[in-house]
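Sequential numbering of the sequence shown, starting at 11, is according to the numbering used here.
Just so it is clear, CB atoms sit at the ideal spot from N, CA and C, and this is done for glycine as well.
Below: one structure, written as structure tokens.
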Amino acid sequence: MSAQPRPDVAPLRTVLAVPGMHCAGCMSKVERGLSTLPGVSGARVNLSARTVTVAHGDRVEERDLVDALAVLGFEAQPRRDELAPNLSAVKPLLAPFAVAGFAAMNVMLLSVSIWSGADGATRSLFHWISAAIAIPAVAYAGRPFFASAWRVLRHGRTNMDVPISIGVLIATGLSFYETAVGGEHAWFDGVLMLLTFLLAGRVLDAMMRDKARAGVDALIRQAAQGATVVAADGTLAWRKADELAAGMVMRVAAGERLAADGEIVAGQSRFDQSLLTGESAPIALHRGDAALAGTLNLDAPVDVRVSHAGQDTTLAEIARLMEASTQSRSRYVRIADRASRLYAPAVHTLAAVSVIGWLIAGASLYEALVIGVAVLIITCPCALGLAVPVAQVVASGALMRAGLMVKDGSALERLATIDRALLDKTGTLTLGRLTPDPAALDAVPPTEAGIALALASHSRHPLSRALAGALAARGVRAASLWGVEERPGEGVFAHHDDGAVALRRPEQATGTAVVLDIDGAPARLIVCSDRLRPDAAEALAGLRALGVECSILSGDNIAAVAEVARETGLTAQASATPADKQAAIARLRASGHHVLMVGDGLNDGPALAAADASIAPGTASDVGLQASDLVFVQDSLIALPRAVRASRATMRIVRQNFALAILYNIFAVPLAIAGLVTPLIAALAMSISSLIVVGNSLRLARIAR
Numbered sequence: 011m012s013a014q015p016r017p018d019v020a021p022l023r024t025v026l027a028v029p030g031m032h033c034a035g036c037m038s039k040v041e042r043g044l045s046t047l048p049g050v051s052g053a054r055v056n057l058s059a060r061t062v063t064v065a066h067g068d069r070v071e072e073r074d075l076v077d078a079l080a081v082l083g084f085e086a087q088p089r090r091d092e093l094a095p096n097l098s099a100v101k102p103l104l105a106p107f108a109v110a111g112f113a114a115m116n117v118m119l120l121s122v123s124i125w126s127g128a129d130g131a132t133r134s135l136f137h138w139i140s141a142a143i144a145i146p147a148v149a150y151a152g153r154p155f156f157a158s159a160w161r162v163l164r165h166g167r168t169n170m171d172v173p174i175s176i177g178v179l180i181a182t183g184l185s186f187y188e189t190a191v192g193g194e195h196a197w198f199d200g201v202l203m204l205l206t207f208l209l210a211g212r213v214l215d216a217m218m219r220d221k222a223r224a225g226v227d228a229l230i231r232q233a234a235q236g237a238t239v240v241a242a243d244g245t246l247a248w249r250k251a252d253e254l255a256a257g258m259v260m261r262v263a264a265g266e267r268l269a270a271d272g273e274i275v276a277g278q279s280r281f282d283q284s285l286l287t288g289e290s291a292p293i294a295l296h297r298g299d300a301a302l303a304g305t306l307n308l309d310a311p312v313d314v315r316v317s318h319a320g321q322d323t324t325l326a327e328i329a330r331l332m333e334a335s336t337q338s339r340s341r342y343v344r345i346a347d348r349a350s351r352l353y354a355p356a357v358h359t360l361a362a363v364s365v366i367g368w369l370i371a372g373a374s375l376y377e378a379l380v381i382g383v384a385v386l387i388i389t390c391p392c393a394l395g396l397a398v399p400v401a402q403v404v405a406s407g408a409l410m411r412a413g414l415m416v417k418d419g420s421a422l423e424r425l426a427t428i429d430r431a432l433l434d435k436t437g438t439l440t441l442g443r444l445t446p447d448p449a450a451l452d453a454v455p456p457t458e459a460g461i462a463l464a465l466a467s468h469s470r471h472p473l474s475r476a477l478a479g480a481l482a483a484r485g486v487r488a489a490s491l492w493g494v495e496e497r498p499g500e501g502v503f504a505h506h507d508d509g510a511v512a513l514r515r516p517e518q519a520t521g522t523a524v525v526l527d528i529d530g531a532p533a534r535l536i537v538c539s540d541r542l543r544p545d546a547a548e549a550l551a552g553l554r555a556l557g558v559e560c561s562i563l564s565g566d567n568i569a570a571v572a573e574v575a576r577e578t579g580l581t582a583q584a585s586a587t588p589a590d591k592q593a594a595i596a597r598l599r600a601s602g603h604h605v606l607m608v609g610d611g612l613n614d615g616p617a618l619a620a621a622d623a624s625i626a627p628g629t630a631s632d633v634g635l636q637a638s639d640l641v642f643v644q645d646s647l648i649a650l651p652r653a654v655r656a657s658r659a660t661m662r663i664v665r666q667n668f669a670l671a672i673l674y675n676i677f678a679v680p681l682a683i684a685g686l687v688t689p690l691i692a693a694l695a696m697s698i699s700s701l702i703v704v705g706n707s708l709r710l711a712r713i714a715r
């Protein structure tokens, strides 16, 4: 949620790291708070990276933004490298979660004895042992809530952690008082259970955010770490990628990736651009052509004059597109956003009114505080907080057993609404593995086939490996060769008996064919193609039955895409760049569609992130795997309709969970205000409501069958 840009504000941009953000309420507070500052035209939070990007005028200083966030209760600092790896959001929460859970189990064991009738000295001893365990555990495990609450309170503000902290501290204090005076009740177990449930929810949320950020980090790793730079006097020196600058000349050897964008000034070679463009065949580039960071030089050394380095490369721009695209808000996130604004003041008001009302009615301060604590605990939104993540975890487990890995549980919500699917070609609709034409292989005599296998076995080129694998599968035995030589960009050349033989690049055909040349025999053209995945037609029909219209969106060449489009009967867009794919998704979403993107390459990363939901095959690149929401590991495309059906069933359970949680609060809160609930019973009621939600979610265990 960001304000509309003001025409009188210069388009400056500052990125701040805000490690204290952890929920939709934090996002809303930061964005609304910064957007109201004079000179600020908008603020956009990236919860995965825990950063906020602020658009502002030239009169706004970084210090002003940091101070404004401090007033809102968030520590911040300028982030110089927007694409630098982030610290894990999970690790700081694991130790408090473990301590709270371990302490809760031990104190609960002692409480069972007290509930069973332990009295007198035994009860007092168990209360003191519980206090010895609980007080240090509460002090340690409650730090994430206490620190957050203190930061906002000292600036006269509040957040969701304030009522939680107040309830935990007062309940702990009253329990210690009861223990010290030999009272009947202590609520250490309820306090620890409350912290355990709250921390469990935050750990699950942090895990999802870490996974989301990992996609951008994987993309950054595709770039080379540096390059050999040719100086004006001809000397060579290795430079790190961040030391490269426009005008420098890089010498890129065969087998190296480019560390920066530039123009070829000497030499020619073929480049594997599949990670950037999706083009399945290597691209021949000559002097004067543009070469991009992250692409692989296949054949021969070239000199490249740097045009864009560091954060200005095409690769870095794709990373930025991915980061920006991950911030779309789902319906349930917006609900949580609105609820978070009302939760803290509503709970504070209920608890305060309860305490004041009971004091007026003649209750003692101790009795009134006990009722107030019960209200604070019983209104804890644990059941509401678990309504979505528990259903996601159960459904994700069921899908995992069916060969579908869910990387982002919230994607199930988005996947349930999709009505349009865009599918990449290479490696998605097809297997991404080149296969020689069986008819062409049938036409090769056994003796020549043995020569072809021997030649192909001496090269690591994808076409050679495909040919070698196909011939070996047919039981062909390799012939004996001598004088074998692989010439970059040309092929493999050798001698057999007294004649020359070669497996070479065809002179006029595309890069998806090879020519077998043997002295005294006709040249044989062997075309290789990429096969459609099994059950592709059935999977596409299944999506149509679910109301999902499909089309092809590929960076591959027009001829290759047209062939697959004819086989599948789908409409198609070919030669699409990463920005083109993102724009196509934006157009569909602007017209009211909910879009599923299915792709596997680095060039699909921004599209996978920009779509409402995304799926990648298990053979995808690291970036495709990290940027997608779901990954299917089998060759069949049946995983696509299965995922859509499972997501829609999951959201039905989620809506039921919300209804159960709301009904719990409708009945439980009045009982707490009426003084009919102790803090211990409040904690138990809160836990039971959570268990009911968990039990309902377990119905999803067989959802993928």
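- Straight-line spacing of the CA atoms in Ser317 and Arg267 works out to 16 Å.
- One Cα belongs to Ala695, the other to Val679, and the distance between them is close to 10 Å.
- At least 8 Å separates the beta-carbon of Val240 from that of Gly272.
- C-alpha of Asp243 to C-alpha of Val262: approximately 18 Å in a straight line.
- Residue state for Pro627 is assigned as strand, using DSSP reduced to three classes.
- Under DSSP, His471 forms no beta bridge with any residue.
- Distance between Phe642 and Gly413, taken at the CA atoms: about 6 Å.
- Here the alpha carbons of Ala459 and Asp527 stand approximately 11 Å from one another.
- For Ala301, the secondary structure class from DSSP, reduced to helix, strand or coil, is strand.
- Listed as beta-bridge partners of Leu135 by DSSP are no residues whatsoever.
- Phe84 sits buried, since 16 or more C-beta atoms from the chains shown fall within 10 Å of its C-beta.
- Here His506 is buried: its Cβ has 16 or more other Cβ atoms, across all protein chains shown, within 10 Å.
- For Lys250, the beta-bridge partners assigned by DSSP are Gly236.
- In the structure shown, Phe677 adopts helical secondary structure according to DSSP, grouped into three states.
- In this structure, DSSP gives Pro446 an extended state, which the three-state scheme calls strand.
- With a contact defined as Cβ atoms closer than 8 Å, Pro651 and Leu556 qualify at about 6 Å.
- Residue Ser601 holds the alpha-carbon nearest to the alpha-carbon of Asp429 among Ser601, Ala27, Gln644.
- Rounded to whole angstroms, the gap between the alpha carbons of Asp566 and Leu75 is 45 Å.
- Three or more Cβ pairs closer than 8 Å define a contact, and the segment 656–667 falls short of that threshold against the segment 563–583.
- Contact between Ala196 and Thr189 holds: their C-beta atoms lie close to 5 Å from each other, under 8 Å.
- Assigned with DSSP and collapsed to three states, Met607 falls in strand.
- With a cut-off of 8 Å on Cβ pairs, the segment 169–184 is in contact with the segment 380–388, counting three or more such pairs.
- Less than 8 Å divides the Cβ of Asp545 from the Cβ of Ile648.
- Three or more beta-carbon pairs separated by less than 8 Å are not found between the segment 430–439 and the segment 529–537, which leaves the two stretches without contact.
- If you look at Phe503, you'll find it in the beta strand (DSSP E) that goes 501–506.
- Close CB contacts of Ser279 within its chain, under the 6 Å cut and outside five residues either way in sequence, are with Asn307, Asp309, Ala310, Val312 (chain order).
- Comparing alpha-carbon positions, the option among Arg497, Ala476, Gln402, Ala482 lying closest to Asp540 turns out to be Ala476.
- Residue environment for Gln235: exposed (fewer than 16 other C-beta atoms within 10 angstroms of its C-beta).
- By the Cβ criterion, the segment 138–148 is in contact with the segment 107–123, since at least three pairs of Cβ atoms, one from each stretch, lie closer than 8 Å.
- For Arg497, the enclosing beta strand (DSSP E) has its first and last residue at 492–497.
- Minimum Cα-Cα distance from Ala384 among the listed residues Gly501, Ala510, Gly200 corresponds to Gly200.
- Phe642 sits in a strand when the DSSP states are folded into three classes.
- For Asp282, no alpha helix (DSSP H) segment is defined; the enclosing uninterrupted segment is the beta strand (DSSP E) at 279–282.
- Rounded to whole angstroms, the gap between the alpha carbons of Asp68 and Ala319 is 26 Å.
- Taking every protein chain shown into account, the CB of Ile370 has fewer than 16 other CB atoms within 10 angstroms, so this residue is exposed.
- When secondary structure is reduced to three states using DSSP, Ser420 falls in the coil class, being assigned neither helix nor strand.
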